[in-house]
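Protein chains in written order, with numbering that gives the first Met the number 0: chain A, 0 to 279; chain B, 0 to 170. Glycine included, every Cβ here is placed at the ideal spot set by N, Cα and C. Computed from a prediction, not measured in an experiment: that's the story for all the values here.
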Amino acid sequence: MRNLLIFISKYNAFFFFVIFFTLSLILVIRNNSFQRASTLNSSNRLIGQAYERYNTLQKYLRLAQVSDSLAAENAKLRNQLKTSFYNGKVEQRTINDTTTLQQYTFIVAQVVNNSIHQKNNSITIDKGKMHGIEEGMGVICSSGIVGIVDNVSTHYATIKSLLHQDIKISARITESQAFGSLVWGQENYNPRFASLKDIPNHVDVKKGHHIVTSGYSSLFPAGISIGQVKESRKKSGEISSDIRVVLSTDFSTLAYVYVVKSTMAAERQAVETESQTEND
Amino acid sequence: MIRIIVSNLIRFSLLVFIQVFLLKNIGYYNLSVPFLYILFILLLPFETPNWLLFLLSFLLGLTVDSFYDTLGVNAAACTVLALVRVIFINLTVQRLSFEIEPEPKLGIMGFRWFFFYASILTIAHHTILFVIEDFSFNDFYYTLIRIILSSLFTVFLMLVAEFIFYRQKER
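Structural data, given as structure tokens:
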């Protein structure tokens with residue numbers, strides 16, 4: 000005890016300092032709003048940091064649940080996207096004219112599936128039976144012809160693209176009025192080219208001649224662009240020349256197509272079959 | 000003895016008066032702020048007992064604080080100043096080698112000793128004062144510049160004041 004007192008009295012300055020300095024610091028913190036606020040804040044920050052560390056750890060442990068819930072939410076949000084809704088609106092233009100009867104109407108459809116690199120290519124569109132699409136209708140686009148409707152469901156239809164071995168389209172060369180049939184896929188699998196058959200040898204076919212639909216079938220209106228002649232080769236011993244055609248339709252960027260609805264197709268078919276049976 | 004008490008009382012009042020009514024309004028853009036009132040602690044006699052020294056420092060700080068509306072800041076700085084004073088005097092002055100009632104004054108101790116004494120104590124005081132005032136080390140360079148410039152100003156004023164009184168005594 001005595002030693003302690005001696006020690007204290009020897010270093011009394013230090014103890015006085017401690018006492019008075021503590022006193023003044025207490026005064027500072029209790030009576031000055033800024034210092035009080037910053038003291039409390041720093042202690043809060045310390046506690047906050049501790050909580051933050053803890054939360055980071057907890058967050059990591061719950062990562063799987065969180066990602067599951069996020070994925071679920073994503074799916075939910077995706078369901079609400081505009082693109083997930085089926086567009087049921089039919090854009091069909093019909094002009095009511097009493098002097099000329101409307102023979103063809105067009106149904107706008109969006110391409111939802113497309114292929115060009117197969118042997119038999121097909122296209123799916125987002126319009127079907129509900130919108131008046133039937134099997135065997137012709138399909139065109141703004142730059143040329145596309146193909147023929149193959150199968151139809153309520154909301155969708157598949158199209159045998161022009162790039163299909165079964166498709167034969169009646170075509171005419173504008174410059175010479177000669178007609179033949181346009182085919183694809185015989186020794187040629189390039190989606191940009193097709194060949195025109197059955198053009199007689201005597202017809203003069205030059206590079207750059209335009210090829211359009213003939214209108215002989217009820218599928219397409221006459222005069223729809225198909226393409227241009229790339230080259231024409233006359234083979235000896237054959238009656239028809241081999242014509243290579245650059246297609247005007249770019250199948251790789253197809254987005255919107257028009258389905259051609261012929262209002263008189265049934266009548267025409269009926270009369271044609273009648274005459275055929277008469278001939279037989 | 001009574002003469003010392005009276006002269007110190009007068010000095011206390013005078014320095015506080017100058018500090019809170021004159022020097023409070025002087026300053027260079029809040030960068031260089033003089034605190035001349037600490038001269039009172041500097042000029043207390045060597046024989047002042049430690050408890051009285053600390054008590055007087057604390058009271059002086061509180062008085063100035065109450066005028067500055069910064070309760071405790073100057074008191075803390077003055078307490079530190081008192082401790083530095085005790086240490087400095089212990090290191091540099093042999094107590095017994097003085098005549099009666101020596102005081103740490105420019106005229107008695109010489110310019111060199113007084114200059115170091117004033118500079119070190121002022122820097123200690125100002126450092127504590129500005130650090131506690133800022134209460135963070137965020138703008139430490141700004142605080143440092145304030146400490147240095149304010150110390151220069153205060154020491155300058157102290158020397159001026161001491162020269163004035165020194166000459167008066169000589170006459």
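When the distance is taken between beta carbons, is residue j closer than 9 Å to residue i?
i, j, result
"G146/A", "S169/A", "no"
"P199/A", "Y103/A", "no"
"I20/A", "L54/B", "It should be noted that the sequence gives Phe, not Ile, for residue 20/A. Their beta carbons are not under 9 Å apart, which means F20/A does not touch L54/B by this criterion."
"I172/A", "H209/A", "yes"
"I223/A", "L246/A", "no"
"V138/A", "V65/A", "no"
"G172/B", "S37/A", "Residue 172/B cannot be examined here, being either before or after the span of chain B that is shown, 0 to 170."
"L230/B", "R10/B", "This structure cannot speak to residue 230/B, because chain B is shown only from 0 to 170."
"V202/A", "Q227/A", "no"
"T162/B", "I119/B", "The question names Thr, but residue 162/B is Phe in the sequence shown. Their beta carbons are not under 9 Å apart, which means F162/B does not touch I119/B by this criterion."
"D125/A", "V111/A", "yes"
"L30/B", "L148/B", "yes"
"A74/B", "L26/A", "yes"
Does any residue of chain A bring its CB to less than 9 Å from the CB of residue i?
i, result
"D138/B", "no"
"E169/B", "Confidence is the limiting factor: at E169/B the pLDDT is only 47, short of 50, which leaves the residue's position unreliable and the question unanswerable from this model."
"N29/B", "no"
"L120/B", "no"
"L82/B", "yes"
"T69/B", "yes"
"T78/B", "yes"
"F39/B", "no"
"L43/B", "no"
"N49/B", "yes"
"L14/B", "no"
"F53/B", "yes"
My output table needs one value for residue i: the three-state DSSP class, helix, strand or coil.
i, result
"S56/B", "helix"
"Y225/B", "Residue numbering for chain B in the displayed model covers 0 to 170; residue 225/B lies beyond these limits and cannot be assessed."
"E169/B", "A caution first: E169/B carries a pLDDT of 47, below 50, which makes its placement in the model unreliable, though a value can still be read off. In the structure shown, E169/B sits in a helix (DSSP, three-state: H, G or I)."
"L92/B", "For clarity, residue 92/B is Val in the given sequence; the question names Leu instead. In this structure, V92/B counts as coil in the three-state DSSP scheme."
"R171/A", "strand"
"N73/B", "helix"
"G106/B", "helix"
"E230/A", "strand"
"R61/A", "coil"
"H116/A", "coil"
"G236/A", "coil"
"L13/B", "helix"
"L4/A", "helix"
"G179/A", "strand"
"H209/A", "strand"
"G321/A", "Absent from the structure is residue 321/A, since the part of chain A shown begins at 0 and ends at 279."
"D279/A", "coil"
"N11/A", "helix"
"L8/B", "helix"
"L246/A", "strand"
"K128/A", "helix"
"I139/A", "strand"
"A221/A", "coil"
"N200/A", "coil"
Between residue i and chain B, is the shortest Cβ-Cβ distance under 9 Å, so that the two count as touching?
i, result
"I7/A", "no"
"A12/A", "yes"
"N282/A", "The shown model of chain A, from 0 to 279, leaves out residue 282/A, and the question about it has no answer."
Closer than 9 Å by beta-carbon distance: list the chain B residues that pair up with residue i, in chain order.
i, result
"L3/A", "Neighbours of L3/A on chain B: none; closest Cβ ~18 Å, over 9 Å."
What does residue i reach in chain A if we use C-beta pairs closer than 9 Å?
i, result
"T153/B", "Near T153/B there are no residues of chain A at all, since even the closest Cβ is about 20 Å away, more than 9 Å."
Interface residues of chain A around residue i at Cβ under 8 Å?
i, result
"F245/B", "Residue 245/B lies beyond the range of chain B shown here (0 to 170); nothing can be said about it."
"L35/B", "In chain order: nothing, as chain A lies at least about 20 Å away."
"I144/B", "Within chain A, no residue comes near I144/B; the closest Cβ sits about 20 Å away, beyond 8 Å."
"G60/B", "S23"
"F162/B", "Result: empty, since nearest Cβ-Cβ is about 30 Å, beyond 8 Å."
At 7 Å on the CB atoms, spell out the chain B contacts of residue i, in chain order.
i, result
"Q34/A", "F134"
Note down, in chain order, every chain A residue with its Cβ under 7 Å from the Cβ of residue i.
i, result
"A75/B", "F20, S23, L24 and V27"
"I131/B", "V27"
"V85/B", "A12"
"F66/B", "Residues of chain A passing the Cβ test: none, with the nearest at roughly 14 Å."
"F11/B", "None at all; the shortest Cβ gap to chain A is about 17 Å."
"F115/B", "Going along chain A, no residue has its Cβ under 7 Å from F115/B, so there is no contact; the nearest lies around 20 Å."
Could you work out which residues of chain B lie near residue i, taking near to mean beta carbons separated by less than 8 Å?
i, result
"S37/A", "F134 and S135"
"N30/A", "L70 and G71"
With a threshold of 8 Å, are at least 3 pairs of Cβ atoms found where one atom belongs to the segment 237-255 of chain A and the other to the segment 187-197 of chain A?
As far as the Cβ criterion goes, the segment 237-255 of chain A touches the segment 187-197 of chain A, which means the pair count is three or higher.
Measuring CB atoms only, is the segment 253-269 of chain A touching the segment 104-124 of chain A, in the sense that at least three cross pairs come out at less than 8 Å?
Two segments are said to touch when three or more pairs of C-beta atoms, one from each, lie closer than 8 Å; by this definition the segment 253-269 of chain A touches the segment 104-124 of chain A.
Counting Cβ pairs, one atom from each stretch, are 3 or more of them under 8 Å apart for the segment 46-62 of chain B and the segment 108-123 of chain B?
Contact between the segment 46-62 of chain B and the segment 108-123 of chain B is absent, with fewer than three C-beta pairs closer than 8 Å.
When the Cβ atoms of the segment 7-26 of chain B are set against those of the segment 175-184 of chain A, are three or more pairs found closer than 8 Å?
Contact fails between the segment 7-26 of chain B and the segment 175-184 of chain A, because fewer than three Cβ pairs, one in each stretch, are under 8 Å apart.
Is the segment 143-156 of chain B touching the segment 24-39 of chain B in the sense that three or more CB pairs, one from each, lie closer than 8 Å?
Yes, since at least three Cβ pairs between the segment 24-39 of chain B and the segment 143-156 of chain B fall closer than 8 Å, the two stretches touch.
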